Each structure stands twice: as C-alpha cells, then as structure tokens.
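Participant: Protein chains in written order, with the UniProt record's numbering: chain A, 1 to 393; chain B, 1 to 393; chain C, 1 to 393; chain D, 1 to 393.
Beta carbons are placed, not taken as given, at the ideal position from N, Cα and C, and that holds for glycine.
On a predicted model such as this, the values are computed, not experimentally measured, just so you know.
4 protein chains.
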Amino acid sequence: MIDFSLPPELAELQARVRDFIAHEIIPMEADPRQGPHGPELALREDLIERARRAGLLSPHASAEYGGMGLSHAGRAIAFEEAGYSLLGPVAMNVFAPDEGNMHLLEAVATPAQKERWLRPLAEGHIRSCFCMTEPSPGAGSDPSMLQTTATPDGEGWRIDGLKWFITGADGAGMAIIMARVPDSGATMFLSRMDAPGITVERSMETLDRCFPGGHGVVRFDGLRVGAGDVLGELGQGFQYAQVRLSPARLTHCMRWLGAARRAHDIAVDYARHRQAFGKLIGQHEGVGFALADNEMDLHIARLAIWHCAWTLDQGGLALRESSRAKVIVSEALWRVVDRSVQVLGGQGVTGETLVARIFADMRGFRIYDGPSEVHRWSLAKHILRGAAVENRA
Amino acid sequence: MIDFSLPPELAELQARVRDFIAHEIIPMEADPRQGPHGPELALREDLIERARRAGLLSPHASAEYGGMGLSHAGRAIAFEEAGYSLLGPVAMNVFAPDEGNMHLLEAVATPAQKERWLRPLAEGHIRSCFCMTEPSPGAGSDPSMLQTTATPDGEGWRIDGLKWFITGADGAGMAIIMARVPDSGATMFLSRMDAPGITVERSMETLDRCFPGGHGVVRFDGLRVGAGDVLGELGQGFQYAQVRLSPARLTHCMRWLGAARRAHDIAVDYARHRQAFGKLIGQHEGVGFALADNEMDLHIARLAIWHCAWTLDQGGLALRESSRAKVIVSEALWRVVDRSVQVLGGQGVTGETLVARIFADMRGFRIYDGPSEVHRWSLAKHILRGAAVENRA
Amino acid sequence: MIDFSLPPELAELQARVRDFIAHEIIPMEADPRQGPHGPELALREDLIERARRAGLLSPHASAEYGGMGLSHAGRAIAFEEAGYSLLGPVAMNVFAPDEGNMHLLEAVATPAQKERWLRPLAEGHIRSCFCMTEPSPGAGSDPSMLQTTATPDGEGWRIDGLKWFITGADGAGMAIIMARVPDSGATMFLSRMDAPGITVERSMETLDRCFPGGHGVVRFDGLRVGAGDVLGELGQGFQYAQVRLSPARLTHCMRWLGAARRAHDIAVDYARHRQAFGKLIGQHEGVGFALADNEMDLHIARLAIWHCAWTLDQGGLALRESSRAKVIVSEALWRVVDRSVQVLGGQGVTGETLVARIFADMRGFRIYDGPSEVHRWSLAKHILRGAAVENRA
Amino acid sequence: MIDFSLPPELAELQARVRDFIAHEIIPMEADPRQGPHGPELALREDLIERARRAGLLSPHASAEYGGMGLSHAGRAIAFEEAGYSLLGPVAMNVFAPDEGNMHLLEAVATPAQKERWLRPLAEGHIRSCFCMTEPSPGAGSDPSMLQTTATPDGEGWRIDGLKWFITGADGAGMAIIMARVPDSGATMFLSRMDAPGITVERSMETLDRCFPGGHGVVRFDGLRVGAGDVLGELGQGFQYAQVRLSPARLTHCMRWLGAARRAHDIAVDYARHRQAFGKLIGQHEGVGFALADNEMDLHIARLAIWHCAWTLDQGGLALRESSRAKVIVSEALWRVVDRSVQVLGGQGVTGETLVARIFADMRGFRIYDGPSEVHRWSLAKHILRGAAVENRA
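1. Below 8 angstroms between beta carbons: does that hold for H60 of chain C and A309 of chain C?
2. Distance check for P8 of chain D and A51 of chain D, CA to CA, integer angstroms please.
3. Taking only three categories from DSSP, how would you classify N391 of chain C?
4. For a contact defined as C-beta to C-beta under 9 angstroms, what are the partners of G288 of chain C on chain D?
5. Just to confirm the assignment: which complete beta strand (DSSP E) runs, minimum length 3, are found wholly within the segment 26-50 of chain A?
6. Taking only beta-carbon positions, decide if P39 of chain C is within less than 8 angstroms of chain B.
7. Using the C-alpha atoms, what's the distance from C210 of chain B back to residue 458 of chain B?
8. Would you kindly report the start and end of the unbroken beta strand (DSSP E) that includes K163 of chain A?
9. Around the C-beta of residue 399 of chain A, are 16 or more other C-beta atoms found within 10 angstroms, so that it is buried, or is it exposed?
10. Quick check on the DSSP output: the alpha helix (DSSP H) that includes L303 of chain A runs from which residue to which?
11. In or out: residue 394 of chain D buried (at least 16 other Cβ within 10 Å) or exposed?
12. In whole angstroms, what separates the C-alpha of residue 423 of chain D from that of M204 of chain D?
13. Can you tell me which of the three DSSP states M145 of chain B falls into?
14. Take H382 of chain B and list the residues in its own chain whose beta-carbon comes closer than 8 angstroms to its own, dropping the five residues that flank it on each side.
15. Considering only residues of the same chain and omitting the five flanking positions on each side of P97 of chain D, which have a CB-CB separation below 8 angstroms?
16. Return helix, strand or coil for D183 of chain A, following the three-state DSSP convention.
17. Using a Cβ-Cβ cutoff of less than 8 angstroms, which residues in the same chain neighbour A325 of chain C once the five nearest sequence positions on both sides are dropped?
18. Return the residues of the segment 340-363 of chain B that lie within a Cβ-Cβ distance of less than 8 angstroms from chain C, sorted by chain order.
19. Is A304 of chain D close to chain C? Criterion is C-beta to C-beta, closer than 8 angstroms.
20. Assuming E64 of chain A is part of the beta strand (DSSP E), what are its boundary residues?
21. Assuming A301 of chain C contacts V287 of chain C (C-beta within less than 8 angstroms), just tell me the rounded distance between them.
22. Round the Cβ separation of R53 of chain B and A42 of chain B to the nearest angstrom and send it over; I've been treating them as touching at under 8 angstroms.
23. Whole beta strand (DSSP E) runs in the segment 179-245 of chain C with 3 or more residues, listed along the chain?
24. If you reduce the DSSP assignment to three classes, tell me which class A175 of chain D lands in.
25. Exposed or buried, T133 of chain B, counting other C-beta atoms within 10 Å across all chains shown (16 or more means buried)?
26. Tell me A276 of chain B's beta-bridge partners as DSSP assigns them.
27. Output needed in chain order: residues of the segment 75-105 of chain B with a Cβ under 8 angstroms from some Cβ in chain C.
28. Per the DSSP calculation, S378 of chain D is bridged to which residue(s)?
29. Measuring straight from C-alpha to C-alpha, what distance separates S323 of chain C and L379 of chain C?
30. What does the alpha-carbon distance come out to for the pair D313 of chain D and V243 of chain D?
31. My understanding is that G216 of chain D touches T206 of chain D, with C-beta atoms under 8 angstroms, so please give their C-beta distance in whole angstroms.
32. Would you say M204 of chain A lies against chain D (beta-carbon separation less than 8 angstroms)?
33. Are the segment 14-24 of chain B and the segment 17-26 of chain A touching, with three or more C-beta to C-beta distances below 8 angstroms?
34. For the candidate residues D:L86, D:I281, D:G66, D:D160, whose alpha-carbon lies nearest to that of R119 of chain D?
35. Using a threshold of 8 angstroms, state whether the C-beta atoms of W256 of chain D and M362 of chain D are closer than that.
36. Give the single residue among B:P182, B:T148, B:E12 whose Cα lies nearest to the Cα of V218 of chain B.
What follows is the structure in structure tokens.
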C-alpha cells in the first residue's frame, strides 16, 4: 500500500524532536567544551541530561531498556531531526557507534551481558566502541583480512592485535572486539575498556570533530576476557557484523540527512538576504539552481532511507538495499553540503556559519561503513548473479 | 504510514501487465509497420486489439468510459510495465498526449463533450493532440507568450495561429487547442482535426520514433469552432493546463522508467555473456559499477515517481512535487540509458539491440513538458519564497 | 618553448579550410543524396571534386601522393575546420577509416603496394576499410581474441572469418584485414573488396549517418590473397595496429571537435535570439552557464589534441597520451553536444537544426577506437607500473 | 608554433625547484610551528632562509628587486613545483596575496613606493595584505558594492570601513586598501599595517590553514594616509584590480596544481601497496579509474594554465582566458583531491597523510578570486556579446 504519510505517533515524535533540537540543543552548539575529537565528557553529560528530561534518550532502545522501541522507519524520522544539530545525536544517545552497538547487543547478547552493558549504554552512563578495522595488512574494506587473534587461555581468551579508526575509543567504557579464533574464525568479544592489555595509543587527527572520543588507535596486548565475554557464538563474528551492518549504515544516513538539511537551510537563508549584481543572490539562477538541486538531493536521500528502513522493518538483512541506500544517500548529501558551501561564497569555508563544519565532518561518510566503491562492487555482484530487479521499488 | 508494498490488486495488475507486454507486445517490436513518425495505423490497431482482448486498454480511464479508474499510484505500476516495450503504451492506450488529454477531459469537459470525444479516445478508436506550443516568438517554455488567437465569430470562434511540436497531430481525430481570447485570455477549445482551417503542414524530423503521428507543425487558418467547443470556461486555459500538467509529466516518467529498465536489462544480459581481457565484461568494475549505478538510478526514479503519484492521490496540483520528480527521473533515466549504451560497446549505437532506439527516443524527455532548467528555476522560486521544506519526504 | 601560436602557413591553411567549408561544403548539407549509411557515391564525388579544385584534398598525405604532408599539429588545425561540417571530412578525404589507412600504408607498405592502393586512395578515387573487429567471441575491445584465420595456401593465403563494425565496407575498393597466421600470429593483409570470398552481408543500423559506406558485417569465406599482399611482416599485425592507433584516435578527436564547435555555435545563435520569461534565453544563467561550460570544454579538448599531436610530432607511439586525449576529448565534446541540444529546447531533438544529427552521429565516439573504460584501464596500468607523471604537461 | 617543450633554462629551473622542495621543504612539513592561521613567523623565516640560500626566493620579481623576472610561463613551471609542498610557496615567497601584490606594485607603484614596499616584500622581510572584500552589504563577488570610503583630509586621506577575508592580515607589514573616493571612485592606497586606525579585529576560522596570517577582519577607523600613498591614480582602483586579477588567479592555479599532484602521488603510492579482496587496490578498476581520471584532470589543468600564462605573456589582461582557466583548473583539481581522499579510504580523512590537509586547504579555491558561478556568468556575457570563439585554442 504505497504510502508516504507518517502515522500520528511518528508525526508527533518528529515534531517533538524538532522542537527539542531547536530549543535545547542548537543553543548549545557554541559551547566551547568541544575539541578535535568531539564533545567533551561534561558537555556530553549536559546534553544527555536535556534529552533525558525531554523523554528523548535512546528512543531506538527497547522499552525494557528505557527506549521507545522505534522501528527502523521510526528511527528514520527521529534521527533525521536529531542530526539537524551535530550535537543532537550525542544528546539523544543515537550516535555511532553506540547506537549500532546497542542494536547488536539487543539482537545477540545474553541477558547477563545485556544487564551489564546494554543497560548503562541505553541509559547514557557509558559509551562504547566497536573494534573491527585494522591497519594494513589487516582488515579494512575487506574484513576477511582480519589479523587480531583470540587464543584460548584457561577458561577464557587472550586477545592480541592492533585496531584503528576505532570511533569513540577514548573515554569508552566497553568494547566489542572482533578477533580470529583458531579453528572457529572471526568471533566477537566484549570487554571493559579499562582492562589491562587495552591501550588507546592515540587519537587520530581527522577532518570530522563530531564523534565523542574521536577515532582511536587501540592496541590489544594480552587482553584477557572470560568465557562469558563471547558475544553470541564462536566463529559467527562476520554473521553478527551483518546483523549490525545494514541498520548501522542506515542510521548514519538518517543523521547526516539532518545535517545536510541544516547546511541547505543556512544556504537558503543566505541566498534570501545577500545581494550581488543588482539582485538577491538566490535570484541568480547559478545559485537558485544549486538550491533546487539541494532540494532534489535531500528528497531522494530521504526516500532511499525510508525505503530501506521499511525493508528492514519487514525483516531480513537488507544487505543489497542498504548498500544501495548508503551510496545514494552519502553521495547525494555530499553534493548538498558542497553546494551549500559554494552558495555561501567565502563564508562557506569559514566558521561564520556551521556549514564548513558540516562539510568537514561529512567527508568521511562516503568512506565509513564501506566506501562507495565497495558497495558498487557488491551491487554489481548481485546484479551479475542474476538476482531479479526488485518489484518493491 | 510509510509503506512501499503494493496492495494485492496492484500486485496482480503489475504481474498481468508484465506478462502481457512480454508475451503479446515484445514479439511485435520487429513488426515493420513503424517509421520515423511512430507506429503506423494498422500496427496500432493490432496492438490495441491485443490490449482490448487482455482487458488492459485505457486502464487509467474511469470505469464509466471502460477503464479501471486507476489512482496515480496504480498508474505508476501499470505504466512502468507498459513502458518496458516502446510499443506497450500505444497498445494500452496510455501514450502521450492521449493519456493526458483523457485525464483533462474527465476533469473539465461537459457530458456532451465527453460522449463525443472521451469515449472514442478511451475505447481506442481515435487519437488526439494537444495544441499549445508555438514557434518563436510564441509560446514555448514560457506559455505566457501565446500568439494564437480565438476571435468571436457569430455564435462561435475563429482560430488563427501556428503551432509546432504537436505530438500525434498526423492522424489525430481531435485536437485541444490553446488560443488567446480577447479580454478573457488563454482558453482551450476542442475541434475535430479534419475541419477546414486545420492543416498539418509537415511532420518534424525527430530523434524519437515512438509517438504515433510524430510531431507536427499545425496551422490554424480561420478554423471555426462552435460555442459548445470551449473546454471549460473562457480565460481558464492556463489553469486547466495545470490540471493536466503534473499528471502528464508524471506519466511520462512512468513510461520511460519501464523503457530504461529494459535498456538496463539488455546491458546486464550482455555483461553476463561477453568476454574481454580474460573475464566476463560484467566482472570488470568499469562495467559492473555502471550496472550498479543503473540499479540505483532506477531505484530513485521509481521512488520519486511513487512519491509524486501518492501526493497527487491526496489531491492538489503537486506542481512543485511534479517539477522535482520530472527532473530527478528524466536525468536519472537518461544516465541509465547512456550507461547501457556504453556497456554494450559498439553494439550500443546500433540496431543490434533496442538500446540505441531507446537512447534516441528518450533524449527529448529532459526537454518535453518543461526542460530541466525551467523546473529548476521554478523550484528555486518556491524555495526562495520560503515555502517550508516538506515533511512528507 | 611553450607556445600556442600557429606558424603563418598553418594560420593560412586554417583560414583557407574554414572558408572552403563555409562556402563550398555547408551549402551541400541539404543535398538529399545521403542516407542511413552516409553520403552516397555521387554526392561524395561532388564533394571531393570541390576539395580537389580548392587544393585541399588529402592534405595529410605526403607530397609524393598529392598531399601537403601535414604534421600531426597541422592535421589538428585542418581537420577541426573540416569537421565543422559533417560533410567536410568526406570532401577533404580525411574521414575514417581512410585517413588512418593512408597513414598506415605510408608507414608500412611496399612501394608497389603504395602505388596500387595508396595513390588511388589519396587521390580520392577509391575508399577503403579496416577489418579488425569481430563479433563475440572474437576481437572487440580486446584484440587478442582475434578469430579470423589466414592459412597458407600455395604461394599465398586463404582467409576465413567474420568481421563487423567495418566502417566504410559497403562501396570500398580495398580492405586491410587482420587475421591470425599459424605460428606467426596476427598479421595484416591487403585485398581488393570485389575479390571472390568477400561478402558484405549487411550494413548495420547505427545512430551515426556520417560515414560513407556505413558499418558493415563482412564475411571472409576462402578469400585468396597473394604473397605480396601481406602488409609489412608476418605476426606484426598488432604492432602495426599501434602505428595506426594513436594517430587514428586523434584525428577522430580533431574532426569531432569541429562538429561540436558547430553545435555550440548553433546553440549560441539560438540563445542570442529566442526570448523566454522576459529576456533572451542566453541571459538566463541556466542557459548562459551551459554555453560557458561548452566554451571551456571546447578549449580543453583543443588543448588536449594539440598536446598529443605535438607529442606524436616528436616521434614515438604516444599510446598513453592518445588514450588520455581520446577520453578527455570524447567526453568533453559529448558534454558540449548534449548541452547544445538542451539549450535549443524542443528544437534540439529535431531536424530543425543540425544539432540533433551531430548528437546522434557523435555518441559512438566514446566507444569507437576503444571505449573510455578500456583507456582508463590502460592509463591505470601505466600509473601503477610507476611510470613517472610526465613533465611535458 | 604549437610547442609544449620547456626551454633549457626553464627545464633547469623546474628540476632545481623540484629538488629544493623535495629535500629542503618537505622535511619541514612536520614542523609544529603551524596553526589554524598558517605557518608561524619563526617557521616562515626558516623557510625563507632556505629559499634565499638556494637562490629561489621571489623568482617572479624583477631582477632589480632580486628576482628572476620570470615570465608567466616561467611562473607556471616554478610555482607548480613550489606548490608540491604546502610550505613551498611560503618558502619561495610566491604565496597569496604577496605574490600578486608584488606584481601590482611593479606595474603601478612609483619608484619611491617600490623602494619602500616592494623591496622588503621581494626580499622576504615583510608580508602584505590586499584589502578589498567587505562583509554584506559591501563588496564581495560584486566589487561595485564597495562601501569603504577615503575622505580628503588635509593633504592626505582618511579611510573608514570594514573588510574581511583579508588574507595575511595578521602579521602583515603593509596593506593595499581599496576605498571609494568622492567624485573619483574606487582608488587604491598603501599603508603600513601598524598605523593608528587599523585594527585586525580577529582571524576568521577557515578550513584552510596554509596562508601565513590567516584571513582577518580588518577595521579602518580614521586611518590617515598621505598624498604619496595613493597607488597609481585616483578612481583607477578597479582598473588596477584587473591588472592584478588575471595573474593572481592564475598563480593560485599553479600552486594548487602542485598540491593536487602531491595528493595524487600519495594516493598512487597507497594504491600500489595496500591489498584488498585478493589484489592491490590499484588493480581494482574502481580505484585505477580514479587514478586515471586524476592524471587526466592534472593534465587539463596544466594545459589550461600554460595556455593562459602564454596569453598573458603576449600582453593584455586575459580576463576571459583567466576566468576560463580559473574554473577549469579549480574544478579539475578539486576532483583530483576528492578522489585522492577516496582512494585512501579511511586514511583519506585523517592526518595519516597530507591529503586531508590539502583537501581542507583547497576547498576555498573554487570560491576565492571569484566563485565558479561568477566566472561562468562573465564567460556567458562574452559569448552572448558575440565575441568570436578564439582561434588560439
């Protein structure tokens, strides 16, 4: 039943989050407690407290863990609004990688693991990180190149290896760690981050500055984890990564859609007030067409997100759909932000507006969770295999 | 209620049209009764008879006139399938401009006008044309430049002027004619095409060859129409044009989506069988990525169509939405067809496959019903006027 | 010595060809003796006679064979001007494949072969074709897949195989044929086209209509050639193909540059005269920017051609340079022609101007002589091999 | 005489600069004395001393002021090499705006003004700034909106106004100031920067970090300048701005060409060493094609620069040519840098390589010295005015 309307409860949620972001979070954007590796702890706690008071903390989590149990379509609505401020996802506890980690724990963890890790995550008391990516010659775009090992050691395991691009590592309370187990293969483990044998060697300098804890280089040197710290079953690491994969990709799309809409709104506002060559710059087609293209790109990004979210809500992994959505959305939104910079002229590359910041923060989006090239390669394989062009859009 | 599923009756219709096109129409594509100005009358009658027997003639018309009274969403499903063959829209009587003319007559005509013109159109007995566009300095992209006049003359009117790009003119049974009435402004009139004072001076040579009757230059030289031949009210011509506008634009999108999907399918098939440099050409990323991009462009085209169709089904003119959809779809599908040509290599520009034909037929799509530039200009005006970015995707 | 000026003799030649095309050839464009497979023989003879009288026939040929012995840079100047009319290259005898074939014969043929074939070619008395491409599973983009065989037979050879996309086949007087010789490998042979054992099975339907003789499917079924009909040495076929390759690619670029400039000029003229929405359409930035982009694309195309021509004039095969130029030029000119169509609006896709014809004729340019994808692949190999980025631009 | 070779003295200079950058400057890139507003003074002095010792300081200046008096073509060669390190232009004293300011002073200043300002600039003892751009509603892309005033005051002038985007303001020793003189119009003035009445209110936060002194907001509040501080004649400010304009635009292109080549080289190196999915990533066409496109974009950028430099060397303002070159080069190089980021995957957006820094530094290039849109608008006006398409490429 082709339908693009929002059910009343989602329309209400959308309005509520929009209002919350506008009145509670955007005024915090000038807060100086932010650095090259994201908002500092004290700022984060202030933001979370605001979301908690507004009843908007962790809306994606199940009711059992304090959330609203939003469907993927519901997340599409709420996360776009959250993303309208770069601080919104932090406030509402829906930023990466925590949001995806919570999703994975809900799907795979034991009750005891959930109580230990999911509850404090959902309640905003700790942050987490997801330790998969490795420097060359380890696992990057190609996860099969995994080098980190988990060696049986008494009743538990000893983990050794080097990871990087570990978002949120600095300051995280827990880690999900992908390591290779002899004879079993890739396996996920849970660990507290302050355990002996884990070192955050450094935070990487990055163009983006919106992720709490930045992106760390993390060394595992004889980290001991117990038998109860295996997440799910031995050798199922890649399968679980796939459970996490499509939703995690898609929530990136949702949040960045909000950010791109923000950049566009700033550009529109400028085009409606700045004069050049005898008229408002927005009345120059060179600018007006850019704004029209922005509107179209925001539209197709939203449609692609909604379609993929709906597909996930029907069940299934939606790997092909989420690859498609990731490429469509990340490239469309990048065009929006790049055009918004250009419309602003000189100011576009300065701190006079938020657009330069969104521009720098968003460049990684076409790379993280699989560069466009890897997704196109994967889509091509589906197509050549003869999988039918889908009926469902 | 965000939903991308088809209700059972549409799913059934989709399957039925797909089957009809595959088994009844595609085999007719090699029929020689086609020329530079579209399928000839005898071929058209054969095709229509097939659709009639299959119960698929004029599905967009109301039940009163023999159709299924499809919603816009329903048309999106049926017309995409029809478009999969360049002959499909002719067979099912859903090609331009007749489909849009029927839509307009249902909305505006008197019962007597409907009985005289809508019924034989819906039953496939006659074709029609829509006489609006004029050569310079008359009405092109800017309809306000209308030069054709309708002068009061006894109880009726005398029409004088020159039109061109009149699709379907040669062989049409009736015409809707836009002319300027003194003191009233742009007004639509109905006339039989064999009336004295109408001359189809010539058929224009065009890249496309899929429109029955081609595109004519039509001269009105003292054409007499009666008082009862005014369509709707005097001076309302541009308003009625808007009633026709969004749906007509959008059904173009639907049909060409089918055609582009056809081109893509042919390219995929080739990529799965032709070898070069030691592997299937589809296994070269240069080709595989093109197919992936095709799939993504088909996807966003379909989503944009569905969204605009749904908006029309909620009522309203959807002018902004249909401008947006027209640009998104026409540009996305053009990329699909251009890539499909490229994937086929040398064969792409030959008659060895249907792709070169679709390529030539489709180039006008970025121009007809408003070039992309006019739509971008119109969208920019909406944006600068401060009309809110819509919630509904 | 970085220098973009023309020496006086080239400036004079440029002016002379420009004048010839404007006054002698463009008036012939409306001549009806043209069909889907190019200008007919009688038209071709008329055109050649005009060039002969103007002293502009075969200017690329050596003085010994009646030409001017133009350098590659000189060809760049003359062929661009010739290409300004789609009939210009035919008139001046510089069209494909004859121009490239003459180049190859000058480089490789024996004196006797030159007397027999090069002289009548250069004098415009016969046409030729180059028989390399084969249908699947034979040699397409990947020439190593060559299937046609030349079997020793008495003092000569017997040739068997099937070729297609053989430009100019219908009506050609001679053929250069690539075939595989046992133990030696790919070898080129010369044959008259009316020999027993050669059949032009059909002319392929193509989007382009500017090549005399169209593009044929040619069957060799026991064709006998003599010992003296080997072009150069046995097994050197691919090496000779490379001698022909870069210059042939580049002269395509030169001619199409002229054609694209023509399309642009027509669009500019239209933009300076057609009104819409209260001003000349060229004053709308949406149109003006397209014209500016055209000018920039024509500029980079010309620069890339000149650079590659200069490189060839220094000696060497210039394979990397000509791959680069082919991609840059074919893609830039395609954008020019596509924009010119769009600027013209509805007329762009009709026979009202020459632009639709140039559009259809030029689509193959991104494919013939190696699709862009094959050239990018080849460039990437050069780059990865660590060949230095060149100093010489 | 179409020629792309370098004369021996330029070939020697190219080799010498390349060597200097590789061995003297690149090792300094890790020097910590750099911040958000460019290299600090101490670092700058170290760099300049190296260039001075190498005989490579201010090579564009006339011999009278210690330089080599390079032609524009000579600058194209030397500045590209300088730009290969982001510190190179600072070291060789060829960065913006100083290089352009020196050019202007050589062309317009009196001997006394030259002695006072040009000499210490050319010798690297002071820096300068060019105060033209103003915040809304003042002069931005449209210089005619100039608001800053110069009021006659005794024998001299009193200057009042607000400027921003004043590159190099913080730490500059002198300023060229554009102000409106009653009855005369826009006029340029010279002033020391430590004069009363000049305040650098703040340095703007910008994506780029390579300009010494950053980009300042500069207030003139009753600045007094003498009669001898007028640069050239009253009311000629815009004419002189045009003298500076084309060369200044073009030297930006030259320096950024070097920077983009650096980014490409880093990407190539990565593609030749990193493995994924069973082969080197450069062997994936998705990566290899990006490198091929980079090579082509670098090529057309270099050609467009050389052509415009040669045009300037023939005399004249080359306004149309430099608009064209600015758009071609800034857009081509941006594509190069964006692709280089993408090829590097996650590392592309980090400080692990220099590419992210070049990416951030270069975004302003499509805006500074006229956004692409303003240049396209200007080119369109030339075209519509009927100015002939040039013969000289």
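Facilitator: Here's the rundown:
1. Position 60 of the third sequence, counted from the start, is the residue given in the question as residue 60 of chain C. Position 309 of the third sequence, counted from the start, is the residue given in the question as residue 309 of chain C. Contact flag unset, no.
2. If you number the fourth sequence from 1, residue 51 of chain D lands on position 51. If you number the fourth sequence from 1, residue 8 of chain D lands on position 8. C-alpha separation (whole angstroms): 22 angstroms.
3. On the third sequence, residue 391 of chain C is found 391 positions in, with the first residue counted as 1. Low confidence applies to N391 of chain C: its pLDDT is 46, below 50, so where it sits in the model is not reliable enough to give any reading.
4. Your numbering for residue 288 of chain C matches position 288 in the third sequence. Those are R376, W377, L379, A380, K381, I383, L384, listed as they occur along chain D.
5. none
6. As a position in the third sequence, residue 39 of chain C is number 39, starting the count at 1. Cβ-Cβ to chain B under 8 angstroms: no for P39 of chain C.
7. This structure does not reach residue 458 of chain B, given that chain B is present from 1 up to 393, and the question cannot be answered.
8. For this step, residue 163 of chain A is matched to residue 163 along the first sequence. Here the beta strand (DSSP E) through K163 of chain A covers 156-167.
9. The requested residue 399 of chain A does not occur in the structure, where chain A is confined to residues 1 to 393.
10. Counting from 1 along the first sequence, the entry for residue 303 of chain A is found at position 303. Per DSSP, L303 of chain A belongs to the alpha helix (DSSP H) from 285-313.
11. Nothing about residue 394 of chain D can be read from this structure; chain D reaches only from 1 to 393.
12. Only positions 1 to 393 of chain D appear in the structure, and residue 423 of chain D is not among them; the question remains open.
13. Your numbering for residue 145 of chain B matches position 145 in the second sequence. Helix, per DSSP.
14. As a working note, residue 382 of chain B is residue 382 in the second sequence. The residues are R320.
15. For this step, residue 97 of chain D is matched to residue 97 along the fourth sequence. For P97 of chain D, where only same-chain residues beyond five positions count, the Cβ hits under 8 angstroms are S128, C129, F130, T167, G168, A248.
16. By one-based count along the first sequence, residue 183 of chain A stands at place 183. Three-state DSSP puts D183 of chain A in coil, outside helix and strand.
17. In the third sequence, the residue the question calls residue 325 of chain C occupies position 325. Excluding residues within five positions, the ones whose Cβ falls inside 8 angstroms are R249, L250, C253, A304, I305, H307, C308.
18. V341, Q342, G345, G346, G348, V349, T350, G351, E352, A356, F359, A360, R363
19. By 1-based counting over the fourth sequence, the position of residue 304 of chain D is 304. For A304 of chain D, the answer is yes, since a Cβ of chain C falls inside 8 angstroms of its Cβ.
20. Translated into positions along the first sequence, residue 64 of chain A becomes position 64. Element bounds for E64 of chain A: n/a, residue is neither H nor E.
21. For the purposes of this step, residue 301 of chain C is identified with residue 301 of the third sequence, where counting begins at 1. For the purposes of this step, residue 287 of chain C is identified with residue 287 of the third sequence, where counting begins at 1. No, A301 of chain C and V287 of chain C are not in contact; Cβ-Cβ is about 21 angstroms, not under 8 angstroms.
22. Looking up residue 53 of chain B in the second sequence gives position 53. Looking up residue 42 of chain B in the second sequence gives position 42. Incorrect: roughly 17 angstroms between the Cβ atoms, too far for contact.
23. 185-192, 198-203, 215-225
24. Working through the fourth sequence from its first residue, we reach residue 175 of chain D at position 175. Note: A175 of chain D maps to strand in three-state DSSP.
25. Within the second sequence, numbered from 1, the residue matching residue 133 of chain B stands at position 133. The residue in question, T133 of chain B, is buried, as its Cβ has 16 or more Cβ neighbours within 10 Å.
26. The residue labelled residue 276 of chain B in the question sits at position 276 within the second sequence. According to DSSP, A276 of chain B bridges with B:K279.
27. none
28. Locating residue 378 of chain D in the fourth sequence gives position 378, counting from the first residue. S378 of chain D is not bridged to any residue.
29. If you number the third sequence from 1, residue 323 of chain C lands on position 323. If you number the third sequence from 1, residue 379 of chain C lands on position 379. Cα to Cα, the separation comes out at about 7 angstroms.
30. As a working mapping, residue 313 of chain D is identified with position 313 in the fourth sequence. As a working mapping, residue 243 of chain D is identified with position 243 in the fourth sequence. Taking the straight line joining both Cα atoms gives about 13 angstroms.
31. Mapped onto the fourth sequence, residue 216 of chain D falls at position 216. Mapped onto the fourth sequence, residue 206 of chain D falls at position 206. Not really, about 11 angstroms apart at Cβ, beyond 8 angstroms.
32. Reading the first sequence from its first residue, position 204 is the one you call residue 204 of chain A. It does; some Cβ of chain D falls within 8 angstroms.
33. no
34. Residue mapping note: residue 119 of chain D aligns to position 119 of the fourth sequence, counting from 1. Of the listed residues, the one whose Cα sits closest to R119 of chain D is D:G66.
35. Within the fourth sequence, the letter at position 256 stands for residue 256 of chain D. Within the fourth sequence, the letter at position 362 stands for residue 362 of chain D. For W256 of chain D and M362 of chain D, yes; Cβs fall inside 8 angstroms.
36. For the purposes of this step, residue 218 of chain B is identified with residue 218 of the second sequence, where counting begins at 1. When only C-alpha atoms are compared, the closest one is B:T148.
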